[in-house]
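Residue numbers (this note's numbering), protein chains in the order written: chain A, 22 to 219; chain B, 11 to 243.
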Amino acid sequence: MAYKQTPSQTIGPFFAYGLTAEQYGYAFNQIATADLLAGVPDMDGERIKIVGRVLDGNGAAVSDAMIEIWQADGQGRYRHPADDRIANSGFRGFGRVGTGTDDQARFVFDTIKPASVDGVQAPHITICIFARGLLNHLFTRIYFDDEVNANASDPVLAAVPDDRRHTLLARRGEDVSGIHYTFDIALQGENETVFLDI
Amino acid sequence: MTDTLKPRDWEAHPPHRHPDYRSTALRGPTKPMIPVPSSLSELTGPVYGHEVVGELDADLTRNGASNGEPLGERIIVAGRVLDEDGRPQRNTLIELWQANAAGRYIDHGDSHDAPIDPNFFGGGRCVTDDEGRYRFITVKPGAYPWGNHTNGWRPNHIHFSLFGPSFTTRLITQMYFPGDPLLDLDPIYLGTPEAARERLVGKFSLDVTEENYALGYAFDIVLRGRNETPMES
Numbered sequence: 022m023a024y025k026q027t028p029s030q031t032i033g034p035f036f037a038y039g040l041t042a043e044q045y046g047y048a049f050n051q052i053a054t055a056d057l058l059a060g061v062p063d064m065d066g067e068r069i070k071i072v073g074r075v076l077d078g079n080g081a082a083v084s085d086a087m088i089e090i091w092q093a094d095g096q097g098r099y100r101h102p103a104d105d106r107i108a109n110s111g112f113r114g115f116g117r118v119g120t121g122t123d124d125q126a127r128f129v130f131d132t133i134k135p136a137s138v139d140g141v142q143a144p145h146i147t148i149c150i151f152a153r154g155l156l157n158h159l160f161t162r163i164y165f166d167d168e169v170n171a172n173a174s175d176p177v178l179a180a181v182p183d184d185r186r187h188t189l190l191a192r193r194g195e196d197v198s199g200i201h202y203t204f205d206i207a208l209q210g211e212n213e214t215v216f217l218d219i
Numbered sequence: 011m012t013d014t015l016k017p018r019d020w021e022a023h024p025p026h027r028h029p030d031y032r033s034t035a036l037r038g039p040t041k042p043m044i045p046v047p048s049s050l051s052e053l054t055g056p057v058y059g060h061e062v063v064g065e066l067d068a069d070l071t072r073n074g075a076s077n078g079e080p081l082g083e084r085i086i087v088a089g090r091v092l093d094e095d096g097r098p099q100r101n102t103l104i105e106l107w108q109a110n111a112a113g114r115y116i117d118h119g120d121s122h123d124a125p126i127d128p129n130f131f132g133g134g135r136c137v138t139d140d141e142g143r144y145r146f147i148t149v150k151p152g153a154y155p156w157g158n159h160t161n162g163w164r165p166n167h168i169h170f171s172l173f174g175p176s177f178t179t180r181l182i183t184q185m186y187f188p189g190d191p192l193l194d195l196d197p198i199y200l201g202t203p204e205a206a207r208e209r210l211v212g213k214f215s216l217d218v219t220e221e222n223y224a225l226g227y228a229f230d231i232v233l234r235g236r237n238e239t240p241m242e243s
């Protein structure tokens with residue numbers, strides 16, 4: 022018997038106390054935070070921040086979005102039964118944050134830079150965006166602008182039109198707090214981010 | 011690792027922009043999504059199980075209680091999480107949030123002039139069992155006005171968030187209640203393809219109902235499946 026998919030519905034404006042309660046100061050715990058390094062001190066890989074905003078069609082930062090990321094560890098391994106390699110020291114590779122507690126509506130993840138998963142794909146992080154006004158969550162991938170050679174041979178980037186590929190590249194920077202990659206997500210407009218039907 | 015995911019069914023899911031739901035106008039993407047074949051990145055995802063579920067997390071009539079029980083109609087919501095081939099999705103996390111019986115969310119951003127219930131928080135979670143079954147106890151959420159259009163009211167609903175076996179099976183949805191007259195007026199519900207809308211409506215179930223305790227609603231959730239390709243020998 023065939024079963025049909027349950028339709029997606031918007032996360033709406035009031036998800037915070039259910040999904041990101043601690044971040045927003047509610048008396049409930051949350052399963053994951055923006056700090057993917059919490060509780061895993063001895064981990065291989067370069068420590069980085071992923072910093073960005075979700076921009077609407079007017080270029081305004083969306084302050085009621087929820088962002089999730091999923092990534093491999095510093096040796097390119099996922100912590101999941103489908104990846105039979107032994108994962109890196111308890112690094113789970115999943116983060117979740119709302120954009121409503123930062124004064125610029127940014128999301129800021131503390132994590133490590135993933136390695137290539139399979140030697141073919143360039144290092145990347147899968148990112149998922151939920152918000153009021155999004156009837157479906159949006160998937161895309163964060164690539165790293167300093168991985169020039171790996172990006173040049175990545176099959177997903179190759180499937181993206183040349184003039185839109187830059188929307189998937191996070192820009193590397195460094196300041197006193199360390200290395201950060203900036204990845205803004207444009208929901209619409211001239212530089213609309215490429216979203217992936219995965 | 012030769013599995014591939016069945017595609018997201020765009021005859022089931024809403025379009026990115028639905029003009030009657032005004033917030034989609036500046037937020038829904040306008041360019042076509044780019045299809046990408048499944049790789050390990052798509053076939054894996056966060057694994058959460060019983061370790062993240064507290065003792066009271068599936069009972070919203072108790073997990074926010076301070077000095078009594080929440081007001082409202084106590085209900086049980088139960089069902090199965092399956093994939094498109096009917097396979098139970100075992101040990102998968104469900105997170106849930108909703109308004110109280112008066113139609114007020116505990117959320118700081120909710121300014122609706124309806125009372126907060128000091129004994130109701132409105133958030134919970136549970137994990138499906140070996141047959142993909144889940145069960146929550148809560149109170150029936152109230153309807154509430156929203157600013158989308160003149161005299162617009164959201165139908166009673168409960169928000170559900172699920173993971174399934176991989177990050178790409180992720181689903182956030184809403185369960186509605188049968189017979190709600192607001193459904194035919196709700197731009198979010200009506201933004202869903204007509205043939206798929208009824209899948210969002212829980213069914214009153216005497217089997218789920220518990221005598222002298224609470225009415226029951228059955229709500230099954232179907233996540234994307236996968237195509238299994240035989241291994242090459």
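Note that the Cβ used here is the ideal one computed from N, Cα and C, for glycine as well. Computed from a predicted structure; not experimentally measured.
Do residue j and residue i count as a contact pair if the criterion is CB distance below 8 angstroms?
i	j	result
Val75(A)	Val83(A)	yes
Ala136(A)	Phe165(A)	no
Glu21(B)	Pro203(B)	yes
Leu192(B)	Pro155(B)	no
Asn101(B)	Val46(B)	no
Gly132(B)	Leu70(B)	yes
Thr57(A)	Arg113(A)	In the sequence under discussion, the amino acid at residue 57(A) is Leu, which differs from the Thr named in the question. Contact: yes.
Arg15(A)	Val215(A)	Examination of residue 15(A) is not possible in this model, given that chain A is present from 22 through 219 alone.
Gln99(B)	Leu233(B)	yes
Asp94(A)	Gly116(A)	no
Ala206(B)	Lys25(A)	yes
Thr27(A)	Arg153(A)	no
Gln77(B)	Pro39(B)	Note on residue identity: the sequence assigns Asn, not Gln, to residue 77(B). Not a contact, by the Cβ cut-off of 8 angstroms.
His145(A)	Ile163(A)	yes
Trp107(B)	Gly39(A)	yes
Pro151(B)	Ile168(B)	yes
Going along chain A, which residues have a C-beta under 7 angstroms from residue i?
i	result
Val62(B)	Ile52
Glu105(B)	Gly39, Leu40
Ser33(B)	Arg153, Gly154
Tyr115(B)	Phe35
Gly119(B)	Pro34, Phe35
Gln184(B)	Gln30
In the structure shown, what three-state DSSP assignment does residue i receive?
i	result
Leu58(A)	coil
Gly39(A)	helix
Tyr186(B)	strand
Ala152(A)	strand
Asp69(B)	strand
Met11(B)	Bear in mind that the predicted position of Met11(B) carries a pLDDT of just 46, short of 50, making it too unreliable to give a figure here.
Asn237(B)	strand
Glu220(B)	strand
Pro42(B)	coil
Pro155(B)	strand
Pro203(B)	coil
Val211(B)	strand
Tyr45(A)	helix
Glu89(A)	strand
Phe177(B)	helix
His187(A)	helix
Thr34(B)	helix
Glu195(A)	strand
Val194(B)	The residue you asked about is not Val; residue 194(B) is Asp in the sequence shown. In this structure, Asp194(B) counts as helix in the three-state DSSP scheme.
Val63(B)	coil
Along chain B, in chain order, which residues have C-beta atoms closer than 9 angstroms to that of residue i?
i	result
Lys25(A)	Asp19, Glu21, Ala22, Glu94, Ala205, Ala206, Arg209, Val232
Cβ closer than 7 angstroms: which chain B residues qualify as neighbours of residue i?
i	result
Val177(A)	Val46
Gln44(A)	Here the premise fails: no neighbours, minimum Cβ distance about 12 angstroms.
Ala180(A)	Ile44, Val46
For the beta strand (DSSP E) holding residue i, just list the boundary residues, first then last.
i	result
Val91(B)	84-93
Leu76(A)	68-76
Val149(B)	143-149
Glu105(B)	103-108
Ser171(B)	167-172
Glu7(A)	Since the displayed chain A opens at 22 and closes at 219, residue 7(A) lies outside it and no answer follows.
Leu225(B)	225-228
Leu159(A)	159-165
Over the uninterrupted alpha helix (DSSP H) stretch that includes residue i, give me the two end residues.
i	result
Tyr199(B)	197-200
Val169(A)	169-173
Val177(A)	176-179
Quick one: which chain A residues come within Cβ less than 8 angstroms of residue i?
i	result
Asn201(B)	Reading off the sequence, residue 201(B) comes out as Gly, not Asn. Here the neighbours are Leu156.
Ile198(B)	Gln30, Thr31, Leu156
Closer than 8 angstroms by beta-carbon distance: list the chain B residues that pair up with residue i, in chain order.
i	result
Val138(A)	Ser49, Leu50, Ser51
Gln209(A)	Leu36, Arg37, Gly38, Pro39, Thr40
Interface residues of chain C around residue i at Cβ under 7 angstroms?
i	result
His101(A)	Structure shown: chain C not included; protein chains present are A and B.
Run the proximity test for residue i: is its beta-carbon closer than 7 angstroms to any non-hydrogen atom belonging to the ligand ADP?
i	result
Arg27(B)	You won't find the ligand ADP in this model; it holds no ligand whatsoever.
Chain A partners of residue i, CB-CB under 9 angstroms?
i	result
Arg145(B)	The premise fails here: Arg145(B) is roughly 17 angstroms from chain A at the closest Cβ pair, so nothing lies under 9 angstroms.
For this session: Could you tell me whether the stretch 214-221 of chain B touches the stretch 27-46 of chain B, using the rule of 3 or more Cβ pairs below 8 angstroms?
Result: no
For this session: Evaluate contact between the stretch 138-145 of chain A and the stretch 122-130 of chain A, counting only Cβ atoms and requiring at least three cross-stretch pairs below 8 angstroms.
Result: In short, these stretches do not touch, since the Cβ pair count stays below three.
Exercise. Contact between the stretch 45-63 of chain B and the stretch 81-94 of chain B: three or more CB pairs below 8 angstroms?
Worked result: no
Exercise. Between the stretch 57-73 of chain B and the stretch 199-213 of chain A, do at least 3 Cβ pairs fall closer than 8 angstroms?
Worked result: Short answer: they don't touch.
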